[in-house]
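Written below as structure tokens is the structure these notes are about.
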DNA sequence: CGAAACGTTGACCGTTTTCAATTACAGTGG
DNA sequence: CCACTGTAATTGAAAACGGTCAACGTTTCG
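Protein chains in written order, with the numbering used here: chain A, 1 to 204; chain B, 205 to 408.
As structure tokens, this is what we get:
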């Protein structure tokens with residue numbers, strides 16, 4: 001979610017000396033790490049898309065997560081010796097690498113960094129839960145409305161979106177089309193008013 | 205998710221002297237805390253159900269999360285002065301209260317506790333992401349299958365469930381009926397074999 | 001023993017997905 | 001400055017799918 005994204009960014013960058021942060025480029029299909037490998041670093045995805053996959057013993061795979069720009073990867077690895085899943089780039093991607101040793105050192109010595117890392121995780125938990133709650137709303141219009149209300153400010157509430165509706169649709173678990181239809185219906189029903197990227201929520 | 209739940213439990217209990225942990229009982233409709241109040245404690249829900257609600261400036265409300273037994277509440281509040289949402293019991297509930305001062309002290313002085321808290325959060329992030337990924341699978345049979353594969357072990361993979369399918373259905377965002385139909389279809393299609401609470405996944 | 005919850009399946013209905021087509025832009029190179 | 005191109009934004013129609021309601025046997029537990 002946007003709020004956590006930005007918060008995450010700041011917190012992350014405060015964790016270590018940015019000079020030590022290397023960027024690694026991956027081609028489509030290239031692995032960032034594999035299950036069982038010793039954990040050498042944590043990552044933040046700058047651009048592209050990376051898929052976290054757990055391979056089953058019979059060779060089949062389960063997708064655990066698809067990370068997009070701005071997200072951090074494998075935070076739990078900070079507490080593990082080996083990675084518990086594979087990370088493979090879907091498309092050409094760039095990741096910032098934070099050596100685990102750096103992180104551990106920072107967490108041990110620097111109270112500020114430690115706080116930042118934990119705060120980052122707590123924010124992610126909060127946002128992920130909110131997102132899950134959103135997904136539990138079956139009706140497309142209600143879901144879109146709930147999403148709008150979550151990011152609305154002022155009275156009467158107004159939401160300004162800085163992304164495309166197509167991206168929003170993916171985030172809230174609807175198709176692009178369903179989202180547009182939901183917006184149209186909400187507007188016809190007088191629950192929202194759209195003016196470009198501004199959406200005003202009407203009290204009912 | 206079960207794995208994180210149990211991990212969470214242990215980590216949480218390691219954080220503070222359990223003697224300092226008070227239990228508070230709430231009636232249905234009673235508030236545990238309100239938006240804007242000074243953060244005095246963090247909580248873990250022992251039983252019941254608590255709804256986290258953000259009230260908008262125009263009086264309407266958005267549900268951020270519905271917490272159930274075993275879950276921790278408002279972890280992010282550890283880093284805030286005031287609560288950012290309301291917490292209201294849906295049904296009679298019991299919560300363990302961990303005074304914020306205790307937590308802060310523990311995090312500052314006890315490296316073990318600090319690590320535990322952060323590890324707990326990282327595990328939750330991992331599990332929430334996995335759950336989100338599951339929800340993104342539209343097809344009920346595929347979703348159920350993915351859930352089974354996530355918790356399968358051995359080769360050929362076998363999943364043993366220690367919960368009712370009704371609970372599983374709620375966790376993966378399907379109705380009880382849809383889940384049974386999905387199981388029936390998977391079995392007819394030869395992708396799984398059920399023997400009581402054991403489910404064997406068939407290679408395809 | 002009886003009530004409540006679980007497990008299971010069928011039928012119907014409403015919604016969303018899909019597929020398809022059209023419009024509206026924003027950036028690009030000529 | 002303008003076709004040219006790719007993506008976003010929209011809307012329509014039909015098909016697929018899951019939710020809801022209903023019914024019933026089974027298990028669990030006080």
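Glycine included, every Cβ here is placed at the ideal spot set by N, Cα and C.
Top-ranked residue by Cα proximity to residue i, from the options
{"i": "residue 165(A)", "options": "176(A), 29(A), 80(A) and 159(A)", "result": "176(A)"}
{"i": "residue 24(A)", "options": "36(A), 52(A) and 45(A)", "result": "45(A)"}
{"i": "residue 277(A)", "options": "145(A), 67(A) and 159(A)", "result": "Missing from the structure shown is residue 277(A); chain A here goes from 1 to 204 and no further."}
{"i": "residue 152(A)", "options": "87(A), 69(A), 200(A) and 121(A)", "result": "200(A)"}
{"i": "residue 345(B)", "options": "310(B), 245(B) and 383(B)", "result": "383(B)"}
{"i": "residue 327(B)", "options": "38(A), 137(A), 163(A) and 73(A)", "result": "73(A)"}
{"i": "residue 145(A)", "options": "265(B), 399(B), 343(B) and 358(B)", "result": "265(B)"}
{"i": "residue 258(B)", "options": "238(B), 275(B), 242(B) and 306(B)", "result": "238(B)"}
{"i": "residue 341(B)", "options": "83(A), 174(A), 39(A) and 71(A)", "result": "174(A)"}
Buried/exposed call for residue i, threshold 16 Cβ in 10 Å
{"i": "residue 197(A)", "result": "exposed"}
{"i": "residue 371(B)", "result": "exposed"}
{"i": "residue 232(B)", "result": "exposed"}
{"i": "residue 273(B)", "result": "exposed"}
{"i": "residue 114(A)", "result": "buried"}
{"i": "residue 95(A)", "result": "buried"}
{"i": "residue 7(A)", "result": "With a pLDDT of only 41 at residue 7(A), under the threshold of 50, the placement of this residue in the model should not be trusted, and no figure is reported."}
Distance between residue j and residue i (C-alpha atoms, nearest Å)
{"i": "residue 100(A)", "j": "residue 351(B)", "result": "31 Å"}
{"i": "residue 330(B)", "j": "residue 85(A)", "result": "11 Å"}
{"i": "residue 394(B)", "j": "residue 186(A)", "result": "44 Å"}
{"i": "residue 339(B)", "j": "residue 230(B)", "result": "31 Å"}
{"i": "residue 81(A)", "j": "residue 42(A)", "result": "12 Å"}
{"i": "residue 320(B)", "j": "residue 184(A)", "result": "47 Å"}
{"i": "residue 65(A)", "j": "residue 172(A)", "result": "15 Å"}
{"i": "residue 160(A)", "j": "residue 260(B)", "result": "16 Å"}
{"i": "residue 157(A)", "j": "residue 36(A)", "result": "49 Å"}
{"i": "residue 206(B)", "j": "residue 111(A)", "result": "Note that residue 206(B) has pLDDT 40, beneath the 50 cutoff, so the model's placement of it is unreliable and the number below is only indicative. Rounded to the nearest angstrom, the two C-alpha atoms are 32 Å apart."}
{"i": "residue 162(A)", "j": "residue 367(B)", "result": "42 Å"}
{"i": "residue 102(A)", "j": "residue 39(A)", "result": "12 Å"}
{"i": "residue 83(A)", "j": "residue 195(A)", "result": "47 Å"}
{"i": "residue 170(A)", "j": "residue 343(B)", "result": "16 Å"}
{"i": "residue 204(A)", "j": "residue 408(B)", "result": "52 Å"}
{"i": "residue 71(A)", "j": "residue 275(B)", "result": "24 Å"}
Whether residue i touches residue j by CB criterion (8 Å)
{"i": "residue 75(A)", "j": "residue 267(B)", "result": "no"}
{"i": "residue 295(B)", "j": "residue 252(B)", "result": "yes"}
{"i": "residue 188(A)", "j": "residue 202(A)", "result": "no"}
{"i": "residue 109(A)", "j": "residue 50(A)", "result": "no"}
{"i": "residue 128(A)", "j": "residue 322(B)", "result": "no"}
{"i": "residue 182(A)", "j": "residue 150(A)", "result": "no"}
{"i": "residue 30(A)", "j": "residue 89(A)", "result": "yes"}
{"i": "residue 347(B)", "j": "residue 301(B)", "result": "no"}
{"i": "residue 358(B)", "j": "residue 155(A)", "result": "no"}
Rounded distance between the beta-carbons of residue j and residue i, thought under 8 Å
{"i": "residue 256(B)", "j": "residue 291(B)", "result": "5 Å"}
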